[in-house]
């Protein structure tokens, strides 16, 4: 399994959906960014601001990251 180190900070956790098919969302604001090792297999997509990572079952997290978008694209290619 391949891992990459990312500097992650604020994030939005999507816990799933309620009975009306509305996302159950939790916003998390952190005091300072932290480095994390992330399994490449869990990365669903990246944008210039967010990296979308899948966790258990239907839980996904939109993380704000500090790395350069173009460098991250190259690493994941």
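In the working numbering, the protein residues as written are 12 to 88. For glycine and all other residues, C-beta sits at the position ideal for the given N, C-alpha and C.
Considering only C-alpha positions, which residue in the set 23, 16, 27 is nearest to residue 69?
Locating residue 69 in the chain shown gives position 58, where the first residue counts as 1. Sorting 23, 16, 27 by C-alpha distance to the C-alpha of residue 69 places 27 at the top.
Between the C-alpha atoms of residue 25 and residue 79, what's the straight-line distance to the nearest angstrom?
Position 14 of the chain shown holds residue 25. Position 68 of the chain shown holds residue 79. In this structure, the straight-line span from the alpha carbon of residue 25 to that of residue 79 is close to 25 Å.
For residue 36, I'd like the list of residues in its chain whose CB is within less than 8 Å of its CB, leaving aside the five on either flank, ordered along the chain.
Within the chain shown, the letter at position 25 stands for residue 36. 23, 24, 25, 26, listed in sequence order.
Roughly how many whole angstroms lie between the Cα atoms of residue 49 and residue 65?
Taking the chain shown and counting its residues from 1, the one referred to as residue 49 is at position 38. Taking the chain shown and counting its residues from 1, the one referred to as residue 65 is at position 54. C-alpha separation (whole angstroms): 10 Å.
Let me check one thing: in DSSP terms, what residues is residue 65 bridge-paired to?
Indexing the chain shown from 1 puts residue 65 at position 54. Bridge partners of residue 65: 71.
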